[in-house]
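Protein chains in written order, with this note's numbering: chain A, 1139 to 1400; chain B, 18 to 667. Glycine included, each C-beta is placed from N, C-alpha and C at the ideal position.
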């Protein structure tokens, strides 16, 4: 029931990016763009280069060739913390939360970049540090409410089922109030109901906060329902780019997914 | 209180706002913090709501539906509708679209106030079946910003319109309240419908205020009391406790953050007045038992030892009966080490009065809570009687009765054993169903409850079962299925049971295992399983359930009346009985006829001596889609006691 959303100008432009590890060519001359407020999916079979692409965008890998422009600023490479400062947040394929910490604390770590007080002030928890902490906590509570995880607020993350951990991870990424959110297989390992819930949350994030979303997914069906446009990678090359309907009808995509009879 | 109390709910609200303007009336946990509204604030909010509804054309005689979890604004909406001479129609929030559609059409709903996007989606889906539904107002705007549909708007906008309306016509609200009459219908509650389609039970202001008054005086409720409102608003119990009595006494209604946080919220609020259907008490006990299994050996030993002490003398102590000094001291020690902390974990430390109602409670379950010092009592009633027919007085608690009739209520047992009720608390009518009204209310003003029961020597009413469910085995012995099922369900591993027997020579049963408890049990034994169906059919699980059944059999055999009711054969169903598949009502009572019909092959297999039976069943998912589930079900025998002796005697 999504009524037409407004997408804007390109916020991210990837041009001719190539990345290789020794002799392995993970990405070869990939170009695409992401519009503001868009939900953009990157799909492809195993080993297509999806995660590498995501890692290039947020600066974990530095491509040998090509450029990336985020919010109009062209760059060759960038470090992950710089990417975060510019407003890019992400989640991971294999959940990377602090397992012994509660849900609240985990999401609170997402506020790290927004904290202005220094270590000493925070340790003393006095004056501006206290005020700041309360503000951050209020923000975190909004996210808890948004993701409907009130009942596990104080539960250590390690004790939660997988689907909920994924939701907490999304919460932590949201806590940074990103302009662009990178989701690495947000629905892997989930059952149908959990996938539907997660889809709902992704749509709501996009809708409510206007966050631009780039997501990688393995499972085509879900992605096609929620994405505005889809890039398809295979063996490190872009083989298709367009709306879900266009991509679904593209013979190259069908071959890549179903295999070709030779 | 010397002065005459107000006689309609809106007048009660004004009364509370005047006598205790600054006392907390409602609390709701939002964004992790308990927000409070005082009675004066609530009166303001209700005024904005009422005027807002008036600005949309809501008028005397209109019905206002409310669908959602327990939210303060939904309670206030009830009062707003009543202010305008309308009728509040709370509905079950987890009902699927189709069920909602029936009630919406039956009640001719034009105005609906709903909680959130989920409910809005449901209503939009069925809107073409309910063309009269002109206005849908939502409380929580999340996700709804792009919905442009005629008549759909946020409650905030309506309340703003209401405030403007009030500024223009300041006398409107008070005048409307002044023109209300106590004999008008205030609320319409739909019966859960164990039999047939739901019927709208029309209750007047007078009836519900009478019921509230009698309960409040009976238990000396005070404005300082706190209640946690988490049960469906469409249930008569919630309406009596969270709305009628709160309005009458002026105590505080606390709304939990979400359905999943009730346990935490309960601990934070520490209600002094509490009510829950037996199922909730059952689930709590199951959780306690699971956690105790996981606890260290010292704690576990302590728990079991002191629970034995509590079983021996706990109930007597809370009833003020004489108990030996040694037991008293032991109990005091247990209170310090086990019962107190346990009550605290359950959020029951401050409870003065707790009630259970809605279904028969297993005596063992009931005894458990009383023995750890929770003043749990039973009440008996129905939607048609504002829930308040019989109440157990403090210190006169019996485990197997529901107490004497409440003040002002007359109870009579008909020749067939059916319980008849007369008093001010009876329904006015079933909405648009004169036939059903005539059937339930006889010429001399008695309401036919459909329950079978009798008075014991002390004048306490004992309910055996639904009059229509009670039957006889082929041998002529009494068969009360609920009683047997409750015996089975006291085991933490059994979540649901359905007993069969009328006209047969012996009793057999279906069982649903409790996924949480049995799953945990399996995990501790390194038993791998893929889901409910798989787990349910494991040999080990059958052995576990057999033990539970045999324990229940031993207890049944102890009562000569029920000796024949022992369960001979049972099977574990391949799916959980579910309201979405119509097998249970929304209040989770078993629909016997339907279950018997749907699983006829299984019943045949139980009685034919087969050791397994194949079955395929259609199931409905939460979003309304359907699927199929099939399995080979094993059938097991359970040992019965003294059955041979009884049979040879017969």
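At least 8 angstroms separates the CB of residue 1241 of chain A from every CB of chain B.
The Cβ neighbour count for residue 1264 of chain A, taken over all protein chains shown within 10 Å, is under 16; the residue is labelled exposed. At the C-beta level, residue 393 of chain B and residue 371 of chain B come within 8 angstroms of one another.
Residue pairing of residue 107 of chain B in beta bridges, as defined by DSSP: B:83. Taking 8 angstroms as the Cβ-Cβ cut-off, the stretch 264 to 281 of chain B approaches chain A at 274, 275, 277, 278, 281, given in chain order. One finds 48 in chain B with Cβ atoms closer than 8 angstroms to the Cβ of residue 1276 of chain A, taken in chain order. Three or more pairs of CB atoms, one per stretch, sit closer than 8 angstroms, so the stretch 476 to 489 of chain B contacts the stretch 418 to 427 of chain B. Not a single unbroken stretch of the alpha helix (DSSP H) spanning 4 or more residues falls wholly within the stretch 408 to 449 of chain B. At least one C-beta of chain B is nearer than 8 angstroms to the C-beta of residue 1283 of chain A. In this structure, the beta-carbon distance from residue 128 of chain B to residue 86 of chain B does not fall below 8 angstroms. With a threshold of 16 other beta carbon atoms within 10 Å, residue 647 of chain B falls short and is exposed. Counting the other Cβ atoms within 10 Å of the Cβ of residue 1348 of chain A gives fewer than 16, which makes it exposed. The criterion of a C-beta distance shorter than 8 angstroms is not satisfied by residue 1215 of chain A and residue 1204 of chain A.
Rounded to the nearest whole angstrom, the C-alpha separation of residue 76 of chain B and residue 184 of chain B is 19 angstroms.
In the displayed model, residue 203 of chain B falls within a strand according to three-state DSSP. Within the stretch 155 to 183 of chain B, 159, 160, 162, 163, 164, 165 place their CB atoms closer than 9 angstroms to a CB of chain A, listed in sequence order. When C-alpha distances from residue 1282 of chain A are compared across A:1257, A:1248, A:1163, A:1351, the shortest belongs to A:1248. In this structure, the straight-line span from the alpha carbon of residue 1168 of chain A to that of residue 1328 of chain A is close to 30 angstroms.
Taking CB atoms only, residue 1322 of chain A has no neighbour in chain B less than 8 angstroms away. Restricting attention to alpha helix (DSSP H) runs no shorter than 4 residues, the stretch 259 to 297 of chain B encloses them at 263 to 266, 279 to 286, ordered along the chain. Within 8 angstroms of the CB of residue 1345 of chain A, the CB atoms of chain B belong to 160, 162, 163, in sequence order along the chain.
Ranked by Cα distance from residue 1310 of chain A, the options A:1261, A:1325, A:1234, A:1368 are led by A:1234. Taken atom to atom, the span from the alpha-carbon of residue 517 of chain B to that of residue 498 of chain B is near 7 angstroms. Shown here, residue 1178 of chain A sits in a strand according to DSSP, grouped into three states.
It is roughly 9 angstroms from the alpha-carbon of residue 338 of chain B to the alpha-carbon of residue 330 of chain B.
Residue 1342 of chain A belongs to the set of residues whose beta carbon lies under 8 angstroms from a beta carbon in chain B.
One Cα belongs to residue 216 of chain B, the other to residue 447 of chain B, and the distance between them is close to 6 angstroms. DSSP places residue 479 of chain B in no alpha helix (DSSP H) but in the uninterrupted beta strand (DSSP E) bounded by 478 to 483. For the options B:63, B:108, B:101, the alpha carbon positioned closest to that of residue 89 of chain B is the one of B:63. If you look at residue 51 of chain B, you'll find it in the beta strand (DSSP E) that goes 50 to 55. Out of A:1389, A:1391, A:1320, A:1334, the CA that lies nearest to the CA of residue 1190 of chain A is found in A:1320. Contact of residue 1286 of chain A with chain B is assigned, a C-beta pair being separated by under 8 angstroms.
In this structure, residue 378 of chain B keeps its C-beta atom at 8 angstroms or more from the C-beta atom of residue 509 of chain B. In its chain, beyond the 5 residues on either side, 166 have a beta carbon closer than 7 angstroms to the beta carbon of residue 141 of chain B.
Contact annotation for residue 1175 of chain A against chain B: no contact, minimum CB-CB distance about 13 angstroms [criterion: below 7 angstroms]. Assigned with DSSP and collapsed to three states, residue 1215 of chain A falls in coil, not helix or strand.
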